[in-house]
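Heads up: the sequence shown at position 143 corresponds to 158 in the working numbering, and the numbers run straight through without jumps. Ideal Cβ positions, reconstructed from N, Cα and C, are used throughout, including at glycine. Please read all numbers here as calculations on a predicted model, not as lab measurements. Encoded as C-alpha cells, the structure appears first; notes follow it.
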Amino acid sequence: MIGVFDSGVGGLSVLREIRRQLPHANVLFLADQAHVPYGPRPLEEVRAFAEGITRYLLQQGAGVIVLACNTASAAALRYLRHIYPEVPFVGMEPAVKPAAERTRSGVVGVLATPATFQGELYASVLERFARGVTVLQDTCPGLVEQIERGDLDGERTRAILERALRPM
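Pasting the structure below:
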C-alpha cells in the first residue's frame with residue numbers, strides 16, 4: 016500500500032496523479048485537518064506531526080510513504096528517511112531546478128510557506144540548482160487558507176497572488 020499525506024487538501028492533486036499512473040495500487044490518503052496549515056509552524060512541530068502520521072500509515076500497512084506537502088517534505092523528509100531506513104519515502108521538491116534551467120531573465124520566483132523556506136530541502140535545492148540565478152521568494156500570507164477553503168480563483172485569492180507576483 017502507498018501511504019500519502021498532506022497537511023490539508025492540497026495533496027489531493029498528488030493523489031490523483033498516483034491513481035492515474037498506478038490505477039490498481041492500494042492508496043491511503045491522510046489530510047491532517049487537525050493541524051492545517053503546517054506552513055507557519057516551527058519545523059520541529061511539523062516534523063513531529065509527520066512522524067506520527069508516518070507511524071500510523073506504516074501501522075496500516077503502507078510500504079511506501081509520499082509526503083504530498085512541501086512543508087512536511089522540507090521539515091521531515093530527511094529525518095523520516097533516517098529513522099525508517101527500510102521505508103521508501105517520496106517528498107515534494109520545490110520546482111527551482113526546472114525554473115532555473117528555463118529562465119531567460121536569470122530570475123525565478125518561488126511561492127512557499129515559511130517552513131518550506133526554512134527547511135534543509137529548499138536550501139539544498141537552491142544550492143544545487145540555482146547558482147547564478149536570482150531567486151525571489153514570497154510566503155504568500157493567506158494563500159494556504161484560501162486553497163484549503165477550495166477558493167482557487169476567487170477575488171481574495173487573486174489579490175493575494177497579484178501582490179506576491181507583482182515584484183516577480
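Beta-carbon spacing of residue i, residue j below 7 Å
i, j, result
"Val-140", "Ala-115", "no"
"Gly-76", "Ser-88", "no"
"Thr-131", "Thr-86", "yes"
"Ala-179", "Cys-155", "yes"
"Val-81", "Pro-103", "no"
"Leu-58", "Gln-161", "no"
Spatially closest choice to residue i from the options, by CA coordinates
i, options, result
"Ala-91", "Arg-164, Arg-56, Thr-172", "Arg-56"
"Val-24", "Val-159, Ala-179, Glu-170, Leu-180", "Val-159"
"Leu-72", "Ser-88, Thr-128, Gly-18, Gly-169", "Gly-18"
"Met-183", "Leu-151, Val-29, Gly-121, Gly-157", "Leu-151"
"Arg-146", "Gly-121, Val-102, Leu-58", "Gly-121"
"Glu-108", "Leu-37, Ala-127, Arg-62", "Ala-127"
Cβ neighbours of residue i in the same chain (closer than 8 Å, five flanking residues each side left out)
i, result
"Glu-6", "Because the chain is modelled from 16 through 183, residue 6 falls outside the range shown and cannot be assessed."
Whole-angstrom C-beta distance between residue j and residue i, which should lie under 8 Å
i, j, result
"Leu-43", "Ile-68", "About 11 Å; that fails the 8 Å criterion."
Close beta carbons around residue i, own chain, < 6 Å, minus the five adjacent residues each side
i, result
"Asn-41", "Met-16"
"Lys-112", "Phe-144"
"Val-123", "Ala-114, Ala-115, Val-148, Val-150"
Continuous alpha helix (DSSP H) stretch holding residue i: start and end
i, result
"Gly-124", "No alpha helix (DSSP H) holds Gly-124; the beta strand (DSSP E) holding it covers 122-126."
"Thr-154", "Here Thr-154 belongs to no alpha helix (DSSP H), and DSSP marks it neither H nor E."
"Leu-92", "85-98"
"Val-111", "111-117"
"Val-61", "58-74"
N- and C-terminal bounds of the beta strand (DSSP E) containing residue i
i, result
"Leu-45", "42-46"
"Gly-106", "104-106"
"Gly-23", "No beta strand (DSSP E) holds Gly-23; DSSP gives it neither H nor E."
Residues of its chain near residue i, where Cβ-Cβ distance is below 7 Å and the 5 sequence neighbours each way are ignored
i, result
"Ser-22", "Asp-47, His-50, Val-51, Pro-52, Tyr-53, Cys-84, Thr-86, Ala-87"
"Thr-118", "Val-148"
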